[in-house]
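Q:
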Ligand SMILES: NC(=O)c1ccc[n+]([C@@H]2O[C@H](COP(=O)([O-])OP(=O)(O)OC[C@H]3O[C@@H](n4cnc5c(N)ncnc54)[C@H](OP(=O)(O)O)[C@@H]3O)[C@@H](O)[C@H]2O)c1
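Here is the structure:
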């Protein structure tokens with residue numbers, strides 16, 4: 007164990023994750039026999055037993071003798087994170103941050119739903135010498151890069167963002183206000199007021215791209231490309247929501263696209279978003295991605311540690327921080343940090359071919 011005082015000069019990081027909707031499958035990544043424990047026992051056990059945060063993986067630059075960081079599991083399932091008593095949930099996340107401090111981390115990234123359930127980290131206490139990030143700004147940047155690749159393959163160019171008012175979503179919209187993509191933008195979430203404000207800000211930027219809002223998922227059916235940025239434990243978008251030939255860029259963790267789409271809608275392309283290539287970084291452990299790839303929020307955590315950035319990045323992700331992280335990624339391009347070749351439901355696929363009209367143009 008680490009009883010000595012934490013080393014604050016090392017620019018090390020920790021990144022928090024949690025079991026997704028299928029708790030047993032994710033716990034089996036830590037120790038295979040755990041995959042045989044029934045789902046109900048997991049829910050009961052994780053709520054009632056004092057299960058400590060668990061180290062899932064270590065991360066180091068290739069050739070380094072010591073880890074640059076660690077991936078820590080907050081032992082609370084995705085559904086429990088969203089439904090259990092908020093004070094208990096935040097206590098479990100704070101315990102993982104304690105563990106990160108003991109390991110000597112100076113930057114802690116909030117992976118998957120640990121960001122949404124803490125209001126983007128704003129509900130976690132500030133600690134001297136420790137910088138928190140949601141990782142959402144770099145995720146927003148990589149999402150825009152994904153859209154840049156996908157929109158030319160969609161003849162109508164109509165884009166819908168589901169979860170547009172969230173931390174990642176609102177940053178994507180503000181980035182698009184500076185550098186517009188697509189022929190039309192539809193912003194979708196359940197809360198109307200924030201949607202109207204965001205659409206107003208986008209319209210005021212004068213991009214010339216018409217912007218609409220909707221609180222109904224029915225509006226998704228109009229879109230040629232759908233960016234999914236909701237924070238639910240289970241599927242939000244299924245077959246019934248998508249027009250023929252639609253392309254979905256799904257950044258969500260856990261996945262909010264229905265896995266049945268693979269069989270039900272062969273005309274639809276689903277690309278797993280928010281994933282970067284990191285060929286210069288070695289990840290020892292199974293985070294549920296092929297070797298050499300990492301989630302964008304983990305990349306932001308690494309980049310903040312590598313650059314010694316000490317200003318916390320909590321709440322709504324800012325355009326300023328997205329640009330800062332884009333520039334940091336360029337500085338560390340020898341390690342990777344650019345958009346990964348596409349995966350769909352975890353399997354390698356090709357980028358959809360550009361539509362004929364775009365090729366002619
Ligand atoms: N791949 C990566 O590296 C990466 C990095 C960061 C985040 N993420 C993932 O990105 C997602 C968004 O994260 P975030 O921090 O931006 O979350 P957030 O701030 O909680 O935002 C969620 C957004 O989705 C909307 N929403 C939630 N549930 C909905 C539903 N059932 N139907 C329609 N809209 C819904 C929310 O607005 P209303 O409440 O008004 O509906 C809000 O606009 C999460 O799944 C997170 O794990 C992935």
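Residue numbers (the numbering used here): 7 to 367.
The beta carbon of each residue, even a glycine, is placed where N, CA and C say it ideally should be.
Please state the DSSP three-state secondary structure of residue 335.
A: Along the chain shown, read from residue 1 onward, the residue named residue 335 stands at position 329. Correct three-state label for residue 335: helix.
Q: Starting from residue 103, trace the alpha helix (DSSP H) both ways and give me its first and last residue.
A: Residue numbering aside, residue 103 sits at position 97 when the chain shown is read from its first letter. Taken as a continuous stretch (DSSP letters only), the alpha helix (DSSP H) holding residue 103 covers 92–109.
Q: Could you compute how far the alpha carbon of residue 258 sits from the alpha carbon of residue 294?
A: Stepping through the chain shown from its first residue, residue 258 is reached at position 252. Stepping through the chain shown from its first residue, residue 294 is reached at position 288. Residue 258 and residue 294: Cα-Cα distance of roughly 14 Å.
Q: Give me the residue from 21, 63 and 82 with the minimum Cα distance to residue 45.
A: Taking the chain shown and counting its residues from 1, the one referred to as residue 45 is at position 39. The option with the nearest alpha carbon to residue 45 is 82.
Q: List the endpoints of the continuous beta strand (DSSP E) containing residue 164.
A: Here residue 164 corresponds to residue number 158 of the chain shown, with the count starting at 1. Residue 164 -> beta strand (DSSP E) spans 164–168.
Q: Excluding the 5 residues flanking residue 305 on each side, which residues of the same chain have their C-beta closer than 6 Å to its C-beta?
A: The residue given as residue 305 occupies position 299 in the chain shown. Answer for residue 305: 144, 282 and 343, listed in chain order.
Q: Hey, is residue 171 close to ligand 1, as in C-beta under 7 Å from one of its heavy atoms?
A: Against the chain shown, residue 171 aligns to sequence position 165. Checking the Cβ of residue 171 against ligand 1 gives yes.
Q: Cβ-heavy atom distance between residue 86 and ligand 1 below 7 Å?
A: Stepping through the chain shown from its first residue, residue 86 is reached at position 80. Answer for residue 86: no, Cβ out of range of ligand 1.
Q: Could you check what DSSP says for residue 318 in three-state terms: helix, strand or coil?
A: By 1-based counting over the chain shown, the position of residue 318 is 312. In the structure shown, residue 318 sits in coil (DSSP, three-state: anything other than H, G, I, E or B).
Q: If we ignore side chains and look at the alpha-carbon of each, how far apart do residue 177 and residue 183 end up?
A: Counting from 1 along the chain shown, the entry for residue 177 is found at position 171. Counting from 1 along the chain shown, the entry for residue 183 is found at position 177. If you take the alpha carbons of residue 177 and residue 183, they lie about 10 Å apart.
Q: Residue 49 to residue 285, Cα distance in whole Å?
A: Residue 49 sits at position 43 when you count from the first residue of the chain shown. Residue 285 sits at position 279 when you count from the first residue of the chain shown. Roughly 36 Å separates the two Cα atoms.
Q: Pick from 327, 236 and 264: whose alpha carbon is nearest that of residue 122?
A: Position 116 of the chain shown, counting from 1, holds the residue named residue 122. Measuring from the Cα of residue 122, the nearest candidate turns out to be 236.
Q: Helix, strand or coil: which one does DSSP assign to residue 325?
A: Sequence index remark: in the chain shown, residue 325 carries index 319 (1-based). Helix at residue 325.
Q: Per DSSP, residue 115 is paired with what?
A: By one-based count along the chain shown, residue 115 stands at place 109. As DSSP reads the structure, residue 115 sits in a beta bridge with 21 and 139.
Q: Assess, as a yes-or-no matter, whether the segment 230–249 is touched by the segment 260–280 under the definition of 3 or more beta carbon pairs within less than 8 Å.
A: The way I'd put it, the segment 260–280 does touch the segment 230–249; three or more beta-carbon pairs between them come closer than 8 Å.
Q: Tell me the DSSP secondary structure of residue 347 in three-state form.
A: Along the chain shown, read from residue 1 onward, the residue named residue 347 stands at position 341. In the three-state DSSP reduction, residue 347 falls in the coil class, being neither helix nor strand.
Q: Please state whether DSSP places residue 191 in a helix, a strand or coil.
A: Here residue 191 refers to the residue found at position 185 when the chain shown is read from its first residue. DSSP places residue 191 within a strand segment (E or B) once states are collapsed to three.
Q: Please say whether residue 196 and residue 219 have beta carbons closer to each other than 8 Å?
A: Taking the chain shown and counting its residues from 1, the one referred to as residue 219 is at position 213. Taking the chain shown and counting its residues from 1, the one referred to as residue 196 is at position 190. Taking 8 Å as the Cβ cut-off, residue 219 and residue 196 do not qualify as a contacting pair.
Q: Can you give the Cα-Cα distance for residue 98 and residue 51, rounded to whole angstroms?
A: Numbered from its first residue, the chain shown carries residue 98 at position 92. Numbered from its first residue, the chain shown carries residue 51 at position 45. Straight-line Cα distance between these residues: approximately 14 Å.
Q: Just reading off the beta strand (DSSP E) that residue 264 is part of, what are its end residues?
A: Numbered from its first residue, the chain shown carries residue 264 at position 258. That residue, residue 264, is in no beta strand (DSSP E); it is neither H nor E in DSSP.
Q: Residue 67 and residue 74 - do their beta-carbons sit closer together than 8 Å?
A: The residue you call residue 74 lines up with position 68 of the chain shown. The residue you call residue 67 lines up with position 61 of the chain shown. Their beta carbons are under 8 Å apart, which means residue 74 touches residue 67 by this criterion.
Q: Per DSSP, residue 288 is paired with what?
A: Position 282 of the chain shown holds residue 288. In the DSSP output, where bridge partners are listed per residue, residue 288 has 66.
Q: Excluding five sequence neighbours on each side, which residues of the same chain lie with their C-beta closer than 7 Å to the C-beta of residue 20?
A: Position 14 of the chain shown, counted from the first residue, corresponds to residue 20. 75, 76, 78, 106, 109, 111 and 114, listed in sequence order.
Q: Just to confirm the assignment, what range does the beta strand (DSSP E) spanning residue 220 have?
A: For the purposes of this step, residue 220 is taken as the residue at position 214 of the chain shown. 217–220 is the span of the beta strand (DSSP E), which, as asked, contains residue 220.
Q: Verify the contact flag: residue 246, CB atom, against every heavy atom of ligand 1, threshold strictly below 7 Å.
A: As a first step, residue 246 must be located in the chain shown, where it is residue number 240. No, Cβ of residue 246 sits at least 7 Å from all heavy atoms of ligand 1.
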